[in-house]
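**Q**
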Ligand code: AMP
Ligand code: FE
Ligand code: FE
Ligand code: ZN
């Protein structure tokens, strides 16, 4: 019995609906999954319903973009209270920033002579949390790029003409927000970050876990982060980061996390909820 604690649906930049994602998890015999759409928890209810029908447990979660020491980090929030008002208000703020960023990217493309309208991106995204993959798909659909990869390479990657920095909160604030909503904060795909130097700072900021297993982590990288988890007494998580058909084939099934890790995570979440919020980690 295995888990996958990292995936994205049409509620952010994935291509599977929550129901399709639940069915894909079932086909891979996963028994616990977490939906980690960027800056939203709006897909959790629908995915939870389909998971329940299939006998799968859904862990309510999200993936936030944060900044620490000038470096972008992705923070996963697990076992989030989906009704927490301050948490939800902040998600709306992040979503509005994403929508403004789409307008800014479209304006930059137009200045480059690429006639893409923001509305074309929103028509494809059909969600509150649009991102660069939607801009890339819109460019392909309008015949302005041949492939999504080409759209990223030409326009959307960091420091390319249509790249716009994303509004981000400090990692400190993101961790506090996740804790406020009863959740645990986990460093996503650390091997994809620029540096490990930020990890001790994240530990000081109260991070609870580290995503040791990820589709784009080598075996050596996973081992490295397992040792680090042990050293800093962090929970260990893992996930496929499946975005549906985004990059050719679904990544679901590429990570099969043993359930002991999920049970350890659950225990930590329960212990944290019993502590007063301002108590030291
Ligand atoms: P954003 O959150 O808008 O900055 O977009 C980041 C998302 O874009 C990531 O979560 C990936 O899903 C996707 N992405 C990043 N780089 C590429 C790439 N070169 N090709 C396709 N998708 C990408
Ligand atoms: Fe994504
Ligand atoms: Fe990420
Ligand atoms: Zn992700």
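In the working numbering, the protein residues as written are 985 to 1265. Where is the CB? At the ideal position from N, CA and C, for every residue including glycine. Everything numeric in this text was worked out from a predicted model, so none of it was measured.
Round the Cβ separation of residue 1228 and residue 1000 to the nearest angstrom and send it over; I've been treating them as touching at under 8 Å.
**A** Here residue 1228 corresponds to residue number 244 of the chain shown, with the count starting at 1. Here residue 1000 corresponds to residue number 16 of the chain shown, with the count starting at 1. Indeed, because the Cβ distance is near 4 Å, the residues count as touching under 8 Å.
**Q** In this structure, what does DSSP give as the bridge partners for residue 991?
**A** As a working note, residue 991 is residue 7 in the chain shown. Residue 991 pairs with 1226.
**Q** In whole angstroms, what is the alpha-carbon distance linking residue 1055 and residue 1167?
**A** Position 71 of the chain shown, counted from the first residue, corresponds to residue 1055. Position 183 of the chain shown, counted from the first residue, corresponds to residue 1167. Rounded to the nearest angstrom, the two C-alpha atoms are 23 Å apart.
**Q** Can you give the Cα-Cα distance for residue 1250 and residue 1158, rounded to whole angstroms?
**A** Looking up residue 1250 in the chain shown gives position 266. Looking up residue 1158 in the chain shown gives position 174. Roughly 20 Å separates the two Cα atoms.
**Q** When you compare the CB positions of residue 1222 and residue 1195, do they come within less than 8 Å of one another, or not?
**A** Within the chain shown, residue 1222 is the residue found at index 238, counting from 1. Within the chain shown, residue 1195 is the residue found at index 211, counting from 1. Yes, the pair counts as a contact, with Cβ atoms nearer than the cut-off.
**Q** Please list the terminal residues of the continuous beta strand (DSSP E) segment that includes residue 1055.
**A** For this step, residue 1055 is matched to residue 71 along the chain shown. It spans 1055-1062 - the beta strand (DSSP E) in which residue 1055 sits, taken as one unbroken run.
**Q** Run the Cβ filter for me: residues under 6 Å from any heavy atom of ligand 4, listed in the order they occur in the chain.
**A** Residues flagged by the Cβ proximity filter: 990, 992, 1020, 1047, 1225.
**Q** Kindly indicate which three-state DSSP category residue 1161 falls into: helix, strand or coil?
**A** Sequence index remark: in the chain shown, residue 1161 carries index 177 (1-based). Correct three-state label for residue 1161: helix.
**Q** Which complete alpha helix (DSSP H) runs does the region 1177-1249 hold, if anything under 4 residues is left out?
**A** DSSP runs (the alpha helix (DSSP H)) wholly in the region 1177-1249: 1182-1188, 1203-1216.
**Q** Between residue 1092 and residue 1161, what straight-line distance do the alpha-carbon atoms span, to the nearest angstrom?
**A** Along the chain shown, read from residue 1 onward, the residue named residue 1092 stands at position 108. Along the chain shown, read from residue 1 onward, the residue named residue 1161 stands at position 177. Approximately 32 Å between the Cα atoms of the pair.
**Q** Under the criterion of a Cβ to heavy atom distance below 7 Å, does residue 997 qualify as lining ligand 2?
**A** As a first step, residue 997 is located in the chain shown; it is residue number 13 there, counting from the start. For ligand 2, at least one heavy atom lies less than 7 Å from the Cβ of residue 997.
**Q** Name the two residues that bound the continuous alpha helix (DSSP H) containing residue 1108.
**A** To locate residue 1108, count along the chain shown from 1; it is residue 124. Unbroken alpha helix (DSSP H) run through residue 1108: 1102-1109.
**Q** Just to check, is the beta-carbon of residue 1156 closer than 7 Å to a non-hydrogen atom of ligand 3?
**A** The count along the chain shown starts at 1 and reaches residue 1156 at position 172. No, since every heavy atom of ligand 3 falls outside the 7 Å radius drawn around the Cβ of residue 1156.
**Q** Kindly examine ligand 2 and report whether one of its heavy atoms sits closer than 7 Å to the Cβ of residue 1118.
**A** Mapped onto the chain shown, residue 1118 falls at position 134. Checking every heavy atom of ligand 2 against the Cβ of residue 1118, none is found closer than 7 Å.
**Q** Measure the alpha-carbon distance for residue 1080 versus residue 1049 and round it to whole angstroms.
**A** For the purposes of this step, residue 1080 is taken as residue 96 along the chain shown, with counting starting at 1. For the purposes of this step, residue 1049 is taken as residue 65 along the chain shown, with counting starting at 1. The straight-line gap from Cα to Cα measures roughly 14 Å.
**Q** How about residue 1040 and residue 1010: do their beta carbons lie closer than 8 Å?
**A** Start at 1 with the first residue of the chain shown, and residue 1040 comes out as number 56. Start at 1 with the first residue of the chain shown, and residue 1010 comes out as number 26. Yes, Cβ-Cβ distance for residue 1040 and residue 1010 is below 8 Å.
**Q** Which of the three DSSP states is assigned to residue 1072 in this structure?
**A** Residue numbering aside, residue 1072 sits at position 88 when the chain shown is read from its first letter. If DSSP states are grouped into helix, strand and coil, residue 1072 belongs with the helices.
**Q** Tell me which same chain residues have a C-beta within less than 6 Å of the C-beta of residue 1246, skipping the five on either side of it?
**A** Numbered from its first residue, the chain shown carries residue 1246 at position 262. 987, 1016.
**Q** Note down the Cα distance separating residue 1253 from residue 989, rounded to an integer number of angstroms.
**A** Stepping through the chain shown from its first residue, residue 1253 is reached at position 269. Stepping through the chain shown from its first residue, residue 989 is reached at position 5. For residue 1253 and residue 989, the distance between alpha carbons rounds to 15 Å.
**Q** With a threshold of 6 Å on Cβ separation, who are the neighbours of residue 1179 within its own chain once the five nearest residues in sequence on each side are excluded?
**A** Translated into the one-based positions of the chain shown, residue 1179 becomes position 195. Contacts found: none.
**Q** From residue 1102 to residue 1096, what distance separates their C-alpha atoms?
**A** The residue labelled residue 1102 in the question sits at position 118 within the chain shown. The residue labelled residue 1096 in the question sits at position 112 within the chain shown. Distance between the alpha carbons of residue 1102 and residue 1096: 15 Å.
**Q** With 16 other CB atoms within 10 Å as the buried threshold, where does residue 1043 fall?
**A** As a working mapping, residue 1043 is identified with position 59 in the chain shown. Buried is the call here.
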